[in-house]
Amino acid sequence: MGFQGVNLGEVAIQYVCLLFSLSVHEAAHAFMADRRGDPSARFLGRATLNPLAHIDPIGTVIMPLLMMVTGVPFLFGWAKPVPYNPRNLRNMRKDPALIALAGPAANFTMMIVFAVIMRVVVIGMDIPPTHEALQNPVFMLVFSMAMINMALMAFNLIPVPPLDGGGIIAPFLSANGQRILESIGPFGIIIAIIAANKILPGPMHAMSNAILWFAFWGQV
């Protein structure tokens, strides 16, 4: 175990992309909560793109560092959850789902934006559709932004608490369904990691191929 064989330049780019993407994700939660009537997150300084406001010691520091040391191709992590008071919301049934959805929606938007930027970079810099493309730091930056936001969106949509997917579906479940969902909360992250390993690789591979096809369309 160590840093042998690790391209520190690529890792640095990925880490900056991860921090920014997590900040956008959490700021989107805070912004939506504020829009729906609860300013708690804004008062706590969470409605910001400053990564320092969102850093979680394990998810934003230790986890990416372990992935870097073990040679995982793409860094991943999480930030501090954004708090809100449901009693302040305008609609206590619908608004929690909107707040939960705001994070993945922000990542989806970022994925699309950076896929378009990737297309512009490929055309503007005449980048060939080969592995050599990743040697270009500009392409590596926009590629990392698109892929990391895709991963954050997909992972957070897994419908178990404490992930956003659980928050999205919870208001629409029966009382019994909500109790069942809450009961798996303590094991949610473990379930999500297993589900991510079993279910997400196929859809994420398809999405990444679609993004790369769009970026290099007409370049072959």
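Numbering (the numbering used here), first residue to last: 1198 to 1417. Just so you know, even glycine gets a beta-carbon here, dropped at the ideal spot from N, CA and C. Treat the numbers as computed from the prediction; the structure is a model and nothing was measured.
- With contacts defined by Cβ atoms closer than 7 Å, A1209 and A1224 do not form a contacting pair.
- Annotated as proximal: V1339 and M1315, with beta-carbon spacing under 7 Å.
- Nearest to I1388 by C-alpha distance, out of A1407, I1355 and G1415, is I1355.
- With fewer than 16 other Cβ atoms from the protein chains shown falling within 10 Å of its own Cβ, F1271 counts as exposed.
- The straight-line gap separating the alpha-carbon atoms of N1304 and S1220 is approximately 10 Å.
- For the 7 Å CB-CB criterion, M1260 and G1274 form a contact.
- Following the DSSP letters along the chain, one finds R1316 inside the alpha helix (DSSP H) bounded by residues D1292 to M1322.
- Judged by beta-carbon spacing, V1319 lies within the 7 Å limit of F1413, meaning their Cβ atoms are closer than that value.
- Of the other Cβ atoms in all chains shown, 16 or more fall within 10 Å of the Cβ of Q1211; this residue is therefore buried.
- In the displayed model, H1226 falls within a helix according to three-state DSSP.
- Going by C-alpha positions, L1349 is about 22 Å away from E1379.
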